[in-house]
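First comes the structure, then the notes that go with it.
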Amino acid sequence: MPDTRILVLYAHPAPHRSRINRRLAEAARALDGVLVHDLYETYPDFYIDVPREQALLAQAELVVFLHPIRWYSMPSLLKEWVDSVLVAGWAYGPGATALRGKGYLLAVTTGSPEDAYQAGERHGRPFEAYLPPFEQTALLCGMDWWPPHILHGAHGADDAAVAAHVAAFRARLEAFLLTPAKEAVHGA
65 MPDTRILVLY AHPAPHRSRI NRRLAEAARA LDGVLVHDLY ETYPDFYIDV
115 PREQALLAQA ELVVFLHPIR WYSMPSLLKE WVDSVLVAGW AYGPGATALR
165 GKGYLLAVTT GSPEDAYQAG ERHGRPFEAY LPPFEQTALL CGMDWWPPHI
215 LHGAHGADDA AVAAHVAAFR ARLEAFLLTP AKEAVHGA
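Remember, our numbering sits 64 above the position in the sequence shown when you count from 1.
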């Protein structure tokens with residue numbers, strides 16, 4: 065396999081029940097230059113091998129956080145991963161340059177339809193209002209925040225919507241892979 069340009073951090077706590085995240089991971093896995101790293105498979109005990117994870121991050125130019133939204137955030141293992149791996153002195157802070165200039169792509173699904181994320185509706189505000197912790201993590205680490213890849217209403221999405229979402233995700237990754245490393249386009 066060629067060098068890893070894209071690292072997909074796949075964090076689904078119940079992948080056997082996943083209709084969409086699993087298909088996104090499979091689409092990414094089929095591409096040369098992409099490593100799909102299943103965190104729940106690798107760390108069922110939640111004990112993170114920090115040096116290994118930092119080495120994987122160091123190789124990649126684009127890091128994709130692929131997961132369902134859980135309580136307006138990320139699944140618990142991914143939160144543990146962030147807390148353990150993205151540490152001061154390595155990921156951020158004085159002299160920390162390990163992640164500087166790498167892309168950060170959030171690829172997520174929600175159970176509720178998009179219109180539920182509005183004032184007066186179930187979630188009370190637009191979905192974008194829940195993104196600042198993700199974006200700030202990227203910015204603190206010196207990463208380039210890319211426009212997120214989101215599928216709302218995953219539970220009720222029909223096969224055509226799922227196929228279109230997976231195809232669009234794959235196209236974004238392929239566009240990045242077709243761009244020479246030093247010229248990788250922001251948000252390709």
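Using N, Cα and C, we set each Cβ at its ideal position, and we do this for glycine too.
All values reported here derive from a predicted model rather than from experimental measurement.
- Leu103 sits close to Trp145, with the two beta carbons spaced by under 9 Å.
- Three or more beta-carbon pairs separated by less than 8 Å link the segment 166-176 to the segment 122-133, which places the two stretches in contact.
- Trp154 places its beta carbon less than 9 Å from that of Gln118.
- Sixteen is the threshold: when 16 or more other Cβ atoms of the shown chains lie within 10 Å of the Cβ of Ala75, as they do, the residue is buried.
- Annotation: the continuous alpha helix (DSSP H) that includes Phe233 extends over Asp223 to Leu242.
- A straight line joining the alpha-carbon of Val226 with that of Ala218 spans about 8 Å.
- Here the segment 82-90 makes no contact with the segment 110-125; the two share fewer than three CB pairs at distances below 8 Å.
- When the alpha-carbon of Asp96 is set against those of Val127, Ile70 and Arg236, the nearest one is in Ile70.
- Of the candidates Pro177, Cys205 and Ala235, the residue whose Cα lies closest to the Cα of Asp222 is Pro177.
- When the beta-carbon positions are compared, Leu121 and Lys166 come within less than 9 Å of each other.
- By the neighbour-count criterion, in which 16 or more other beta carbons inside 10 Å mark a residue as buried, Pro139 falls on the buried side.
- Taken through DSSP and simplified to helix, strand or coil, Thr106 comes out as helix.
- Straight across, the Cα-Cα distance linking Val128 with Phe233 is about 11 Å.
- When only Cα atoms are considered, Ala224 and Glu192 end up about 25 Å apart.
- Counting along the chain, the unbroken alpha helix (DSSP H) around Thr201 starts and ends at Pro196 to Leu204.
- Under the criterion of beta carbons closer than 8 Å, Leu141 and Phe110 qualify as touching, at roughly 6 Å.
- Contact between Leu204 and Tyr168 fails: their C-beta atoms lie close to 11 Å from each other, not under 8 Å.
- The distance from the Cβ of Ala124 to that of Thr68 is about 6 Å, consistent with a contact at the 8 Å cut-off.
- Counting only unbroken stretches of 3 or more residues, no beta strand (DSSP E) element lies wholly within the segment 132-164.
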